[in-house]
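Peer 1: In full-length UniProt numbering, the protein residues as written are 1 to 819. Every residue gets a Cβ at the ideal spot worked out from N, C-alpha and C, and that includes glycine. Computed from a predicted model, the values in this text were never measured in an experiment.
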């Protein structure tokens, strides 16, 4: 029977696309969000026949390149030292060159073959009993429309580059890397070795035994090329299968696991070679050649370690970037902080933490090869490999629990009974939320201690110091950090007192007594570095690194960000944060609004009480509930001056818009028509806090915030947090603490504790009431009577607000104590 002609030519891009002589209507590609969500969570198993011949081909090519890469690496490892099993069974000395050459040809040819075979139709078959033809091809149409009808192959290729940015990025990077690989191979070709022997001999990777990085480049190029094809296959495959059974996702994870295994192999080979080279004892006849062999051994260890790091990084980023794109319908972005559901965020934190730790350990290992005086513990690469492995597996798991922001949310209505039946998944979700909330709030209240703790770890992994030496250097560095913070804080404190908090313009901040203490703290790191260099001490490298970091970090103080807020990132303040919502859930946070606030106005919000630390104020302003109740109202939180001197703590606070609780920062914000939130009770109120007293203790003797509000005519908004004093406690040494607060503005001794006697706030139901604005007259220079009148009206309103809402807050038996 003669084959009927095709009256309608269509682009060879639709996998399993049926072509008929008659036009057929095709369903729209985009589904409703609800349908997409249901398909994403579909548990129906997908039959194996969905694996097309092209998919099998890609799988085979991936494994073939991986096998060539492994044999290539093993042949180079056996060149440096004998691995008994490999040396006698798999790769004998006579086979090394042959195996090396064969693997090199496989790597050279695999990428073009994969690309060519992927672009052209796998098969064209006639559907039995019909006049239709089925074309199996990798090029999935980018839209339901017939874009590309009658186009040439190059035009279709250009169309894919314009419509699929994942495809464009992966194809470009894959071919660039393949070009680098060819350059590395051709630069070492026998022809060039004949024409330019001295030039080729000077290239390190042209020597047999030192070309693993060329194989690394080819391996990554092959994986990226397959990834670009998977990006095109995403639409066809994901619309037919549930998330857990999509072959494109399975193949992508398989490729990334091959990268991981290859990276581990290189990492182990690198450290094993280094250890073998370090303990190499030359025979009497080859002592003159010992140094040369050691240099070559270290070169191989460094290059293979660097290749291992490249494979680890490629595997994780490909899993996260393309893996997330393949596993979801919509709602996936490469940069999406704190979205995707509590479980997704928790897994992401674990994965990226392990990844960062692995990069740090492997980076220090590579640095220890370059720097002779730096020594790292044996097994560092194995530890790094384990960290990367955990990171990779957890990252894959996280993709299966990702939830789009547009997916239906659990009800937060207060009318829902707490005793409602819960499934195991609900209980697991609640437990994950609670754990995540505890971790986040624990980190927020302890940010100031994290740099200090990291010093001990830094010295332990970068030096050969014993335990005593690590502890001594760690404490010395902590004392230097405290000195740095205190000198700046004391100078600011003295200037604030002398200038009446910036009111006296004739008091210059550039006087010697204000500048000398900070300058002295900046001289000490340089002196310590010089001393360690002159005496050739073991800790020279970490001391020099910390000193350099301090001098670079000092530039972040430019522009007075604690006064001007120039480091604030608006999108961080306004974006939805799943972590903050978990903190709100941890405290069972509830916000009561008495009246709406006008976003076109600005306010002075006074938060009461201070507690051991104003924990609720740290997360209150960044919750979705706050944005729902007070849209467009984003006050700057005024915090203690000392916190704006501590690294990491100041970085987080200033990025989120926090300012220093000084008159200068206060007035600057009001002058720019910005709202502020401060804690008027301050550290004096903190000393009055005790848990389990059934009291809300508010210190009323601070009137500065009322004076500034009157000077600018800004309404006052009382904010009362019930049970704030129940969250944490502090060691009780009132006489010493009052002296430090009065003279140095810091409540030493300060060791807060809460849940399990750790510096983690207790899980206490927190209710916050935001009162109605209290209008104040605008008086440029108010006298004491003006301030006292507003002061009395303000605290009377606070008392009234407490009495109205204490029953709703679960504090019927509490008393408001005005001190």
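Where do the ends of the alpha helix (DSSP H) carrying residue 697 lie?
Peer 2: Counting from 1 along the chain shown, the entry for residue 697 is found at position 697. Counting along the chain, residue 697 falls outside any alpha helix (DSSP H), though it belongs to the beta strand (DSSP E) covering 695 to 698.
Peer 1: For residue 416, does the count of other Cβ atoms within 10 angstroms reach 16, so buried, or fall short, so exposed?
Peer 2: Mapped onto the chain shown, residue 416 falls at position 416. Its pLDDT being 35, under 50, residue 416 is placed unreliably by the model, and the measurement read from it follows with that caveat. Per the 10 Å Cβ criterion, exposed.
Peer 1: Identify the continuous beta strand (DSSP E) that holds residue 815 and give its terminal residues.
Peer 2: One-based indexing of the chain shown puts residue 815 at position 815. Per DSSP, residue 815 belongs to the beta strand (DSSP E) from 815 to 818.
Peer 1: If you follow the beta strand (DSSP E) that residue 722 is part of, which residue opens it and which one closes it?
Peer 2: Here the question's residue 722 lines up with position 722 in the chain shown. From DSSP, the beta strand (DSSP E) with residue 722 extends over 716 to 722.
Peer 1: Label residue 443 either buried or exposed according to how many other C-beta atoms from any shown protein chain fall within 10 Å of its C-beta, with 16 as the threshold for buried.
Peer 2: Indexing the chain shown from 1 puts residue 443 at position 443. Label assigned to residue 443: exposed.
Peer 1: Mind checking who residue 605 pairs with in its DSSP beta bridge?
Peer 2: To locate residue 605, count along the chain shown from 1; it is residue 605. BP columns for residue 605 point to 677, 717.
Peer 1: Tell me whether residue 78, by its Cβ, gets closer than 7 Å to a heavy atom of the ligand GDP.
Peer 2: This structure lacks the ligand GDP, and indeed carries no ligand of any kind.
Peer 1: In the DSSP assignment, what residue or residues form a beta bridge with residue 820?
Peer 2: Within the shown structure, residues of the chain are numbered from 1 to 819, placing residue 820 beyond reach of any answer.
Peer 1: Mapping the DSSP letters down to three states, classify residue 433 as helix, strand or coil.
Peer 2: Residue numbering aside, residue 433 sits at position 433 when the chain shown is read from its first letter. Three-state result, residue 433: helix.
Peer 1: State whether the stretch 771 to 778 contacts the stretch 750 to 758, with contact taken as three or more CB pairs (one from each stretch) at a distance under 8 Å.
Peer 2: No, they do not touch.
Peer 1: Taking the Cβ atom as the reference point for each residue, do residue 698 and residue 817 lie within a distance shorter than 8 Å?
Peer 2: Taking the chain shown and counting its residues from 1, the one referred to as residue 698 is at position 698. Taking the chain shown and counting its residues from 1, the one referred to as residue 817 is at position 817. Taking 8 Å as the Cβ cut-off, residue 698 and residue 817 qualify as a contacting pair.
Peer 1: Report all residues from its chain with a CB closer than 7 Å to the CB of residue 468; omit the five preceding and five following residues, and keep chain order.
Peer 2: Within the chain shown, the letter at position 468 stands for residue 468. Excluding residues within five positions, none has a Cβ falling inside 7 Å.
Peer 1: Ignore the nearest five residues each way along the sequence and tell me which others in residue 72's own chain have a CB closer than 6 Å to its CB.
Peer 2: Your numbering for residue 72 matches position 72 in the chain shown. The answer, listed in chain order, is 103, 215.
Peer 1: If you draw a straight line from the C-alpha of residue 506 to the C-alpha of residue 718, how long is it?
Peer 2: The residue you call residue 506 lines up with position 506 of the chain shown. The residue you call residue 718 lines up with position 718 of the chain shown. C-alpha separation (whole angstroms): 34 Å.
Peer 1: Measure from the alpha carbon of residue 549 to the alpha carbon of each residue in 731, 308, 529, then state which is nearest.
Peer 2: Your numbering for residue 549 matches position 549 in the chain shown. Comparing Cα-Cα distances from residue 549 to each of 731, 308, 529, the minimum goes to 529.
Peer 1: Closest to residue 758 by C-alpha separation, out of 369, 438, 364, would be which residue?
Peer 2: In the chain shown, counting from the first residue as 1, residue 758 sits at position 758. Closest by alpha carbon: 438.
Peer 1: Would the stretch 344 to 363 and the stretch 215 to 226 be scored as touching if the rule is three or more Cβ pairs under 8 Å?
Peer 2: No, the stretch 344 to 363 is not in contact with the stretch 215 to 226.
Peer 1: Please classify residue 520: is it buried, with 16 or more other beta-carbons within 10 angstroms of its beta-carbon, or exposed?
Peer 2: Here the question's residue 520 lines up with position 520 in the chain shown. Residue 520 should be labelled exposed.
Peer 1: Along the alpha helix (DSSP H) that carries residue 584, what are the first and last residues, could you check?
Peer 2: As a first step, residue 584 is located in the chain shown; it is residue number 584 there, counting from the start. Residue 584 -> alpha helix (DSSP H) spans 578 to 586.
Peer 1: Taking all protein chains shown into account, decide if residue 583 is buried (16 or more other Cβ within 10 angstroms of its Cβ) or exposed.
Peer 2: Residue mapping note: residue 583 aligns to position 583 of the chain shown, counting from 1. The residue is buried, with at least 16 neighbouring Cβ atoms inside 10 Å.
Peer 1: Among 98, 344, 598, 307, whose alpha-carbon lies nearest the alpha-carbon of residue 673?
Peer 2: Reading the chain shown from its first residue, position 673 is the one you call residue 673. Nearest option by C-alpha distance: 598.
Peer 1: If you draw a straight line from the alpha carbon of residue 407 to that of residue 391, how long is it in whole angstroms?
Peer 2: On the chain shown, position 407 is the one that residue 407 refers to. On the chain shown, position 391 is the one that residue 391 refers to. No answer about residue 407 holds up, because its pLDDT of 42 lies below 50 and its placement is not dependable.
Peer 1: Please classify residue 231: is it buried, with 16 or more other beta-carbons within 10 angstroms of its beta-carbon, or exposed?
Peer 2: Taking the first residue of the chain shown as 1, we reach residue 231 at position 231. Its Cβ being crowded by 16 or more others within 10 Å, residue 231 is buried.
Peer 1: In terms of residues, what are the limits of the beta strand (DSSP E) holding residue 591?
Peer 2: For the purposes of this step, residue 591 is taken as the residue at position 591 of the chain shown. Residues 590 to 593.
Peer 1: From residue 217 to residue 266, what does the alpha carbon distance come to, in whole angstroms?
Peer 2: Translated into the one-based positions of the chain shown, residue 217 becomes position 217. Translated into the one-based positions of the chain shown, residue 266 becomes position 266. Each residue's alpha carbon lies about 13 Å from the other.
Peer 1: With distances taken from CA atoms, which of 595, 645, 713 is nearest residue 491?
Peer 2: Sequence index remark: in the chain shown, residue 491 carries index 491 (1-based). Out of 595, 645, 713, 645 has the C-alpha closest to the C-alpha of residue 491.
Peer 1: Please confirm if residue 669 has its CB atom under 8 Å from at least one CB of chain C.
Peer 2: Given the protein chain composition of this structure (a single chain), no chain C is represented.
Peer 1: Mind checking residue 76: buried by the 16 CB within 10 Å criterion, or exposed?
Peer 2: Here residue 76 corresponds to residue number 76 of the chain shown, with the count starting at 1. Buried, since its Cβ has 16 or more Cβ neighbours within 10 Å.
Peer 1: Is the distance from the Cβ of residue 648 to the Cβ of residue 450 below 8 Å?
Peer 2: Locating residue 648 in the chain shown gives position 648, where the first residue counts as 1. Locating residue 450 in the chain shown gives position 450, where the first residue counts as 1. Cβ distance < 8 Å, so residue 648 and residue 450 count as in contact.
Peer 1: Using a Cβ-Cβ cut-off of 6 Å (strictly less than) and excluding sequence neighbours within five positions of residue 106, which residues of its own chain qualify?
Peer 2: Reading the chain shown from its first residue, position 106 is the one you call residue 106. Correct list, in chain order: 68.
Peer 1: Who are residue 753's beta bridge partners in DSSP?
Peer 2: Reading the chain shown from its first residue, position 753 is the one you call residue 753. DSSP, once it has assigned bridges, lists 729 as partnering residue 753.
Peer 1: Return the CA-CA distance between residue 487 and residue 560, expressed in angstroms with no decimal places.
Peer 2: As a first step, residue 487 is located in the chain shown; it is residue number 487 there, counting from the start. As a first step, residue 560 is located in the chain shown; it is residue number 560 there, counting from the start. If I take the Cα positions, the gap works out to 16 Å.
Peer 1: Is it true that the CB of residue 381 sits closer than 8 Å to the CB of residue 307?
Peer 2: In the chain shown, the residue the question calls residue 307 occupies position 307. In the chain shown, the residue the question calls residue 381 occupies position 381. No; because the gap between Cβ atoms is not below 8 Å, this pair is not in contact.
Peer 1: Short of 7 Å in beta carbon distance, which residues of its chain neighbour residue 459, apart from the five on each side in sequence? Order them along the chain.
Peer 2: By one-based count along the chain shown, residue 459 stands at place 459. Here the set comprises 465, 470, 473, 474, 539, 542.
Peer 1: With a threshold of 8 Å on Cβ separation, who are the neighbours of residue 634 within its own chain once the five nearest residues in sequence on each side are excluded?
Peer 2: Position 634 of the chain shown holds residue 634. Closer than 8 Å at Cβ, skipping near neighbours: 573, 574, 621, 657, 675.
Peer 1: Assign residue 805 to one of three DSSP states: helix, strand, or coil.
Peer 2: Translated into positions along the chain shown, residue 805 becomes position 805. Helix at residue 805.
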